[in-house]
Amino acid sequence: MNRLDIEAAHTDLPIDVNPPTTEEIRMATRQIKSGEAAGLDNIPAEALKSDIEVTTNMLHLLFGKI
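All the letters of the sequence shown, read from the start, carry residue numbers 3 to 68 under the numbering used here.
Right under this line is the structure:
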């Protein structure tokens with residue numbers, strides 16, 4: 003293959019780099035609680051068994067600082 007014929011890959015990917023919304027956090031928390039989320043999350047079950055609104059607000063605040 004002739005290296006001069008290789009085109010550069012498209013780099014303008016539609017990736018959202020904004021912090022997650024409270025609704026996105028709420029949905030993710032519900033999925034983790036129900037066992038639908040994939041992977042090891044290292045989140046104590048007690049933290050997720052608390053009030054969903056408190057958990058959502060706490061995580062939204064923390065994610066906003068990242």
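Glycine residues also receive a C-beta, built at the ideal position from the N, C-alpha and C atoms. Being a predicted model, the structure only gives us computed values, none of them experimental.
Secondary structure of residue i, DSSP reduced to three states
i: H62; result: helix
i: L6; result: helix
i: T24; result: helix
i: V19; result: coil
Rounded straight-line distance, which links the Cα of residue j to that of residue i
i: M60; j: V19; result: 20 Å
i: L63; j: P16; result: 25 Å
i: K67; j: I27; result: 15 Å
i: H31; j: D7; result: The amino acid occupying residue 31 in the given sequence is Thr; His does not appear at that position. If you take the alpha carbons of T31 and D7, they lie about 48 Å apart.
i: A11; j: P22; result: 28 Å
Pick from the options that is closest to residue i, judged by C-alpha positions
i: T58; options: E9, I68, L15, E25; result: E25
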